[in-house]
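Have a look at the structure below, then the notes.
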Amino acid sequence: MMIAGPVALFDGPRLAFDGTGKTDIVWGRNNVWISQAQDGLTFPTTIPLMPANTPIDTGGPRIAVNAASHIFVVWTDELAKDNAKTGDGNFCTNKTTDENQRVTNTFGGNIWINETLPNNDPTVQLNISFLNTRNLSNTDWKLPNTNPQFSLNLGFYGCSYDNMNLFLDHVGLLHLLWSDDSPDEDVLTSKTQATYPAGSPFAGLTQFSFPINLASVLAASPKVTVDNNGAFYVAWSGGPTGGPNSQGIFFSRSDDGGSTFTSCAPGKLPLCPAINIAPSGSVAPAFPQVAVDPSGNVNIAWEQPTGALKGDGTDMFNVLFARSTDKGQTFPTVLQVFTNPSTLCYEAPPPPQGTTPPTAPTTPDVTTCGTVQLGVDANSTPDMVWVNQASGSAVADIDFATTNFPTGSVSPTTASLSASSTSANFTVTVNPSGFSGLINFSCLNADTKAALPSWLTCTFNPPQLNPSQSSTDNLTISRVGTPTSAMFISASPSRSLPAVARIVGLAALWIMATTAMLALGRRREFRSAILMRGILLITLTVMLAAGLVSCGGSTSATSTASTSGSGGTGGSGGGNSVSMHVAVMAQSSGTAAVNLGTVTITAQ
């Protein structure tokens, strides 16, 4: 179905649902519209949300609906940036410490919010109207002259706004995160702090805190995610005009609902500044995406130019990925996702001759800039997708990549045990991202998947491992008994015949000798007595040979590993050794056991 049209692709529609099944869609550039389907399917006439006095260069709305069906729509304008042309001055707000100086801004650079309060009566239409729209810049964000830091007595304004993030925390409170030029390139955040009281022009609506800046160098393109415990994880790139000091992908975290941000361990004071996770020497990394997986790992992906930017259409980028297993204190895993780079910010082909070219800015909607998207699945596996325009190619591809992290390892992988050296020690290392809780360890026969034999044991210290506190454990494999003959696989002795074969062979020898004796006797006309004595002699010789073979024994049987010592006339085998493959298993609650590695034990 068509909700509205015709509209430009860069009007950026956004979608949200409330708890009763209603569907809300917002879109717009140079205006903002909303449409709500009560049944999720039927959309009525669209409603404009922009007041008459709003600057025309307005759009890019974001929408959020909390559990109480309270609808929030936020958008920005860029009129201040558009008007700040060479020779015309800078119309952005600058702070002042002069209590007598008035700060004014009549050219835009505002953040606008429209709120629709929930209605407990389902038979009454919601009051969705532009009358519920206000400018946060000159209402909630005014700082009076008595402010000890600086005066913004007419409000907080910016020049332009980039990448507005509108999100709810784990208790349903709304937060804003964006970057702007005010006049510096900052990453700013504001949160719900109160409700306007009765008698106020905005009675019942949400009041937002004054913005705080997370960045210490010029910054852009922030992204945020929230975990199940309410912690915020924010990533952003250095600002494009910040020089070498701002080149990087920066990260910070809030553990108190957005009041403060740090990159230190939770609870550590003083707070730590944001950290740069991009490889040393990175040039203009940009457009980060951040996600927290079910194991609590922080995952970040971004676009990384392959070298210094030339701006001649030949610049290329790779996709990089980083992971932290300690809530963002460190990012030990930083890797390149794909080996085939893409043209950086490849723009869409020009429109056909005679048609009006699009008026959209150079944004991810029409170029390969910022197309990287990141998600994590239930197994904490990161998945990435992006637009790849190979160098010299006439078409672009949609590329997908995933990263499978090993669950762990065991070192060393071999050991020998004997009566005088009954145990061997191993280091077990686990990948914390592969486990969701306490880890229990065990050992199995890797070949049969059965329990170890009674003469071999595994001991882990500690017996359980908390992957959020440590990633290594100690394993001891011990020989607690002597391997018995039942543990060896016997083979037929070499160079010896089975008993039946020996009997058949001796009988055949007797027949051949007797036949030869008779033939010789007939040819030479031997008397019967002589022939009988000859046959008797042959029979006694064969019987003696059979007796010697039965008393001589046989060579000792071989084992699955090795046999040492001499065979002896009694048939004993000397000293024996056996090899056992031991699988080291790990399992956390609610998940299947995984094999961390296999060690080979040779025991005597």
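Numbering (our numbering), first residue to last: 1 to 604.
Positions of the beta carbon are idealized from the N, C-alpha and C atoms, including for glycine.
Note that this is a predicted model, so its numbers are computed, not measured.
For K191, the enclosing beta strand (DSSP E) stretches over residues 185-195. Here K223 is bridged, per DSSP, to A235.
DSSP links C443 through a beta bridge to V584. Counting only residues of its own chain and dropping the five nearest sequence neighbours on each side, T422 has a CB closer than 8 Å to the CB of S478, R479, V480.
Residue pairing by DSSP places W178 opposite L188 in a beta bridge. Taken atom to atom, the span from the alpha-carbon of P13 to that of G28 is near 7 Å. For the set S263, T139, L452, G238, the Cα lying nearest the Cα of I601 is the one of L452.
In the DSSP secondary-structure assignment, A286 is bridged to E303. About 11 Å separates the Cβ atoms of L168 and V224, ruling out a contact at the 8 Å cut-off. Under the three-state reduction of DSSP output, G597 falls in the strand class. For the options Q604, Q329, V385, V578, the alpha carbon positioned closest to that of V234 is the one of Q329. When the alpha-carbon of S471 is set against those of T429, T457, T482, the nearest one is in T429. Using a C-beta cut-off of 8 Å, the stretch 16-33 makes no contact with the stretch 135-143, since fewer than three inter-stretch Cβ pairs fall below that distance. A198 has its alpha-carbon roughly 17 Å from the corresponding atom of F208.
Judged by DSSP secondary structure, P382 falls within the beta strand (DSSP E) whose first and last residues are 382-388. Check the Cα spacing between S454 and each of F460, N461, N445: the tightest is with N445.
Secondary structure note for T333: its beta strand (DSSP E) is the uninterrupted segment 333-336.
Under the criterion of beta carbons closer than 8 Å, L269 and S409 do not qualify as touching, at roughly 37 Å.
8 Å or more divides the Cβ of P412 from the Cβ of N431. Beta-bridge partners assigned by DSSP to T76: G59, I111.
Burial is judged here by how many other beta carbons sit within 10 angstroms of a residue's own beta carbon; S420 has fewer than 16 and is exposed.
F426 counts as buried, since at least 16 other C-beta atoms from the protein chains shown sit within 10 angstroms of its C-beta. Scanning V334, H175, G311 for the CA closest to the CA of A194 turns up H175. I439 is not a Cβ neighbour of S579, given a cutoff of 8 Å. Around G19, the same chain offers A67, S69 as residues with beta carbons nearer than 7 Å, after the five sequence neighbours per side are excluded.
When V599, N165, A64 are compared, the shortest CA-CA separation from L117 is found for A64.
Annotation for A451: no beta strand (DSSP E) segment contains it, and DSSP assigns it neither H nor E. Residue environment: A394 is assigned as exposed (fewer than 16 neighbouring CB atoms within 10 Å of its CB, all protein chains considered).
The residues F251, S263, in chain order, have a CB closer than 6 Å to that of I275 in the same chain once the five nearest residues on each side in sequence are set aside.
By DSSP's assignment, V410 forms a beta bridge with V428. In this structure, P222 sits near V187, with a CB-CB distance shorter than 8 Å. Per the C-alpha coordinates, the member of W75, T414, E303, P467 positioned closest to N388 is E303. For the 8 Å CB-CB criterion, P467 and A378 do not form a contact. Comparing C-alpha distances from S436 to each of T414, L465, I398 shows the shortest one belongs to L465. Taking C-beta atoms as the reference points, T402 and T381 count as a pair closer than 8 Å. Annotation: S324 to N163 spans about 24 Å, alpha carbon to alpha carbon.
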